[in-house]
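Notes follow the structure.
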Amino acid sequence: MEKGISDRIMVETDRIILREITINDAPAMFEMDADPEVHTYLGKSPIQTIDQAINQIKNIRQQYLDYGIGRWAIVDKSTDNFVGWGGLKFRTEEVNGHINFYEVGYRLLRRYWGQGFATASARASLTYAFNELQLDAVYAMANVENLASKNALLKSGLVITGQLSHEEIDCDWFEIKREDWRSYCQ
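Rendered as C-alpha coordinates:
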(Lines of atoms letter the chains of each structure in order from A and count residues from 1; the text may use other names and numbers.)
(Lines give C-alpha, C1' and ligand atoms only; values in the text may rest on other atoms or scores of the structure.)
Protein backbone atom coordinates (compact mmCIF):
# COMPACT_ATOMS: atom_id res chain seq x y z
CA MET A 1 0.00 0.00 0.00
CA GLU A 2 1.17 3.49 -0.79
CA LYS A 3 2.75 5.11 2.24
CA GLY A 4 0.38 7.32 4.23
CA ILE A 5 -2.74 6.19 2.39
CA SER A 6 -5.64 5.06 4.58
CA ASP A 7 -7.87 2.19 3.57
CA ARG A 8 -10.07 2.49 6.63
CA ILE A 9 -12.91 -0.02 6.76
CA MET A 10 -16.19 1.83 7.06
CA VAL A 11 -18.72 -1.02 6.91
CA GLU A 12 -18.38 -4.78 7.03
CA THR A 13 -21.12 -7.33 6.36
CA ASP A 14 -21.03 -11.09 6.04
CA ARG A 15 -20.37 -10.67 2.30
CA ILE A 16 -18.61 -7.36 1.63
CA ILE A 17 -16.28 -4.77 3.07
CA LEU A 18 -16.80 -1.10 2.27
CA ARG A 19 -13.52 0.73 2.80
CA GLU A 20 -11.96 3.97 1.72
CA ILE A 21 -10.74 4.00 -1.87
CA THR A 22 -6.98 4.43 -2.23
CA ILE A 23 -4.54 5.11 -5.05
CA ASN A 24 -3.79 1.38 -4.95
CA ASP A 25 -7.28 0.83 -6.39
CA ALA A 26 -6.35 2.72 -9.57
CA PRO A 27 -5.82 -0.35 -11.80
CA ALA A 28 -9.23 -1.79 -10.89
CA MET A 29 -10.89 1.63 -11.14
CA PHE A 30 -9.34 2.04 -14.58
CA GLU A 31 -10.57 -1.38 -15.69
CA MET A 32 -14.08 -0.53 -14.50
CA ASP A 33 -14.33 3.00 -15.88
CA ALA A 34 -12.60 2.22 -19.20
CA ASP A 35 -15.31 -0.35 -19.98
CA PRO A 36 -17.89 1.14 -22.39
CA GLU A 37 -20.60 -1.22 -21.09
CA VAL A 38 -20.18 0.17 -17.57
CA HIS A 39 -21.03 3.59 -19.01
CA THR A 40 -24.11 2.48 -20.99
CA TYR A 41 -26.58 4.24 -18.67
CA LEU A 42 -24.32 6.96 -17.29
CA GLY A 43 -24.16 9.33 -20.24
CA LYS A 44 -20.40 9.58 -19.83
CA SER A 45 -17.50 8.45 -21.97
CA PRO A 46 -15.20 5.74 -20.64
CA ILE A 47 -11.89 6.95 -19.28
CA GLN A 48 -8.81 6.42 -21.44
CA THR A 49 -5.85 6.45 -19.05
CA ILE A 50 -4.81 5.26 -15.62
CA ASP A 51 -4.13 8.92 -14.77
CA GLN A 52 -7.85 9.62 -15.17
CA ALA A 53 -8.59 6.83 -12.68
CA ILE A 54 -6.06 8.32 -10.28
CA ASN A 55 -7.74 11.73 -10.61
CA GLN A 56 -11.13 10.15 -9.86
CA ILE A 57 -9.66 8.59 -6.72
CA LYS A 58 -8.14 11.91 -5.66
CA ASN A 59 -11.55 13.56 -6.09
CA ILE A 60 -13.21 10.87 -3.97
CA ARG A 61 -10.55 11.19 -1.29
CA GLN A 62 -11.06 14.97 -1.28
CA GLN A 63 -14.75 14.31 -0.56
CA TYR A 64 -13.67 12.34 2.52
CA LEU A 65 -11.81 15.44 3.72
CA ASP A 66 -14.47 17.98 2.72
CA TYR A 67 -17.61 16.12 3.82
CA GLY A 68 -16.46 13.17 5.92
CA ILE A 69 -18.04 10.84 3.38
CA GLY A 70 -17.55 9.67 -0.19
CA ARG A 71 -17.80 6.56 -2.32
CA TRP A 72 -16.04 3.53 -0.88
CA ALA A 73 -14.36 0.51 -2.41
CA ILE A 74 -16.61 -2.56 -2.42
CA VAL A 75 -14.50 -5.61 -1.58
CA ASP A 76 -15.69 -9.21 -1.84
CA LYS A 77 -14.84 -10.74 1.55
CA SER A 78 -14.48 -14.25 0.13
CA THR A 79 -11.75 -13.24 -2.35
CA ASP A 80 -10.53 -9.84 -1.11
CA ASN A 81 -11.13 -8.56 -4.68
CA PHE A 82 -12.16 -5.02 -5.57
CA VAL A 83 -15.69 -5.28 -6.98
CA GLY A 84 -16.37 -1.60 -7.62
CA TRP A 85 -17.31 1.45 -5.63
CA GLY A 86 -20.40 2.18 -3.63
CA GLY A 87 -21.67 4.10 -0.69
CA LEU A 88 -22.78 7.60 0.08
CA LYS A 89 -21.96 10.88 -1.58
CA PHE A 90 -22.81 14.29 -0.18
CA ARG A 91 -24.33 16.30 -3.05
CA THR A 92 -23.99 20.07 -2.75
CA GLU A 93 -25.59 20.96 -6.08
CA GLU A 94 -29.35 21.14 -6.56
CA VAL A 95 -30.86 17.94 -7.94
CA ASN A 96 -34.61 17.38 -8.22
CA GLY A 97 -35.36 20.19 -5.77
CA HIS A 98 -32.87 18.92 -3.18
CA ILE A 99 -29.58 20.49 -2.15
CA ASN A 100 -27.00 19.35 0.42
CA PHE A 101 -28.26 15.77 0.54
CA TYR A 102 -26.84 12.28 0.71
CA GLU A 103 -27.08 10.01 -2.31
CA VAL A 104 -26.48 6.26 -2.30
CA GLY A 105 -24.90 4.78 -5.40
CA TYR A 106 -22.60 2.13 -6.81
CA ARG A 107 -20.62 1.17 -9.89
CA LEU A 108 -19.25 -2.32 -10.45
CA LEU A 109 -16.74 -4.09 -12.63
CA ARG A 110 -18.79 -5.88 -15.27
CA ARG A 111 -17.70 -9.37 -14.15
CA TYR A 112 -19.51 -8.74 -10.84
CA TRP A 113 -22.85 -7.69 -12.34
CA GLY A 114 -25.88 -9.77 -11.42
CA GLN A 115 -24.33 -11.21 -8.26
CA GLY A 116 -26.05 -9.01 -5.68
CA PHE A 117 -23.09 -6.75 -4.91
CA ALA A 118 -24.95 -3.53 -5.77
CA THR A 119 -27.80 -4.47 -3.44
CA ALA A 120 -25.39 -5.53 -0.68
CA SER A 121 -23.50 -2.26 -1.01
CA ALA A 122 -26.66 -0.14 -1.02
CA ARG A 123 -28.08 -1.91 2.04
CA ALA A 124 -24.82 -1.61 3.97
CA SER A 125 -24.55 2.05 3.01
CA LEU A 126 -28.10 2.76 4.15
CA THR A 127 -27.42 1.04 7.47
CA TYR A 128 -24.40 3.32 7.89
CA ALA A 129 -26.43 6.38 6.85
CA PHE A 130 -29.21 5.81 9.34
CA ASN A 131 -27.33 4.17 12.23
CA GLU A 132 -23.98 5.99 12.16
CA LEU A 133 -24.76 9.33 10.51
CA GLN A 134 -28.30 9.52 11.89
CA LEU A 135 -29.62 10.88 8.59
CA ASP A 136 -33.32 11.53 8.10
CA ALA A 137 -33.34 10.56 4.41
CA VAL A 138 -31.17 9.19 1.62
CA TYR A 139 -31.79 9.62 -2.10
CA ALA A 140 -30.72 7.93 -5.32
CA MET A 141 -31.30 8.15 -9.02
CA ALA A 142 -31.00 5.66 -11.85
CA ASN A 143 -31.46 5.83 -15.59
CA VAL A 144 -35.06 4.79 -16.31
CA GLU A 145 -33.72 2.09 -18.66
CA ASN A 146 -31.25 0.61 -16.16
CA LEU A 147 -33.45 -2.13 -14.75
CA ALA A 148 -30.64 -3.84 -12.82
CA SER A 149 -29.72 -0.69 -10.92
CA LYS A 150 -33.34 0.19 -10.27
CA ASN A 151 -33.97 -3.32 -8.92
CA ALA A 152 -30.96 -3.09 -6.59
CA LEU A 153 -32.29 0.17 -5.15
CA LEU A 154 -35.81 -1.21 -4.76
CA LYS A 155 -34.49 -4.38 -3.08
CA SER A 156 -32.61 -2.10 -0.68
CA GLY A 157 -35.82 -0.43 0.47
CA LEU A 158 -35.80 2.76 -1.59
CA VAL A 159 -38.95 3.74 -3.44
CA ILE A 160 -39.42 5.64 -6.68
CA THR A 161 -40.99 9.01 -5.92
CA GLY A 162 -40.64 10.70 -9.29
CA GLN A 163 -38.63 11.22 -12.43
CA LEU A 164 -36.17 13.87 -13.55
CA SER A 165 -33.81 14.71 -16.34
CA HIS A 166 -30.28 14.78 -14.94
CA GLU A 167 -27.42 15.68 -17.27
CA GLU A 168 -29.77 14.99 -20.21
CA ILE A 169 -30.62 11.49 -18.94
CA ASP A 170 -34.13 10.48 -17.91
CA CYS A 171 -33.85 9.12 -14.38
CA ASP A 172 -36.10 7.67 -11.73
CA TRP A 173 -35.75 9.46 -8.37
CA PHE A 174 -35.60 7.23 -5.31
CA GLU A 175 -35.74 8.00 -1.63
CA ILE A 176 -35.95 6.34 1.72
CA LYS A 177 -36.69 7.99 5.05
CA ARG A 178 -35.23 6.84 8.33
CA GLU A 179 -38.61 5.64 9.66
CA ASP A 180 -39.22 3.63 6.47
CA TRP A 181 -35.74 2.09 6.77
CA ARG A 182 -36.50 0.97 10.32
CA SER A 183 -39.73 -0.69 9.13
CA TYR A 184 -37.95 -2.24 6.15
CA CYS A 185 -35.24 -3.77 8.36
CA GLN A 186 -37.67 -5.45 10.76
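Under this note's numbering, think of the first position of the sequence shown as 15, with each following residue one higher.
Note that the Cβ used here is the ideal one computed from N, Cα and C, for glycine as well.
Being a predicted model, the structure only gives us computed values, none of them experimental.
Mind checking which residues open and close the beta strand (DSSP E) that includes residue i?
i    : result
Q62  : First-last for Q62: undefined, no H or E at that position.
R105 : N95 to R105
L161 : No beta strand (DSSP E) contains L161, which is instead part of the alpha helix (DSSP H) from L161 to K169.
A132 : Not the beta strand (DSSP E): A132 falls in the alpha helix (DSSP H), residues F131 to T141.
D90  : R85 to D90
For residue i, count the other beta carbons within 10 Å of its own beta carbon; 16 or more makes it buried, fewer makes it exposed. Which is it?
i    : result
L102 : buried
I35  : buried
C199 : exposed
A203 : Absent from the structure is residue 203, since the part of the chain shown begins at 15 and ends at 200.
E16  : Caution applies to E16, whose pLDDT of 42 falls short of 50 and renders its modelled position unreliable; the model cannot decide the point.
G82  : exposed
G128 : exposed
R137 : buried
I190 : buried
S135 : buried
S139 : buried
G111 : exposed
I23  : exposed
D186 : buried
According to DSSP, simplified to helix, strand and coil, what is residue i?
i    : result
V173 : strand
A156 : strand
I113 : coil
E16  : Note that E16 scores a pLDDT of 42, beneath 50, so its modelled location is shaky and nothing firm can be said.
Y55  : coil
Q148 : coil
W195 : helix
D80  : helix
In the DSSP assignment, what are the bridge partners of residue i?
i    : result
E26  : I31
V118 : L102
I183 : H180
F188 : A154 and I174
Where do the N-terminal and C-terminal ends of the alpha helix (DSSP H) with residue i fall, by residue?
i   : result
E45 : A40 to D47
Stretch-stretch touch, CB-based, cutoff 8 Å, three pairs: the stretch 143-150 with the stretch 165-175: Between the stretch 143-150 and the stretch 165-175, the count of C-beta pairs closer than 8 Å stays below three; the two stretches do not touch.
Validate contact between the stretch 112-129 and the stretch 67-74 using beta carbons, cut 8 Å, 3 pairs: The answer is no - the stretch 67-74 does not touch the stretch 112-129, with fewer than three Cβ pairs under 8 Å.
Three CB pairs or more closer than 8 Å across the stretch 119-128 and the stretch 38-47: With the cut-off at 8 Å, the stretch 119-128 and the stretch 38-47 touch.
Inter-stretch contact (C-beta, 8 Å, three-pair minimum) for the stretch 51-60 and the stretch 83-95: Judged by Cβ distances under 8 Å, the stretch 51-60 makes no contact with the stretch 83-95, as fewer than three pairs qualify.
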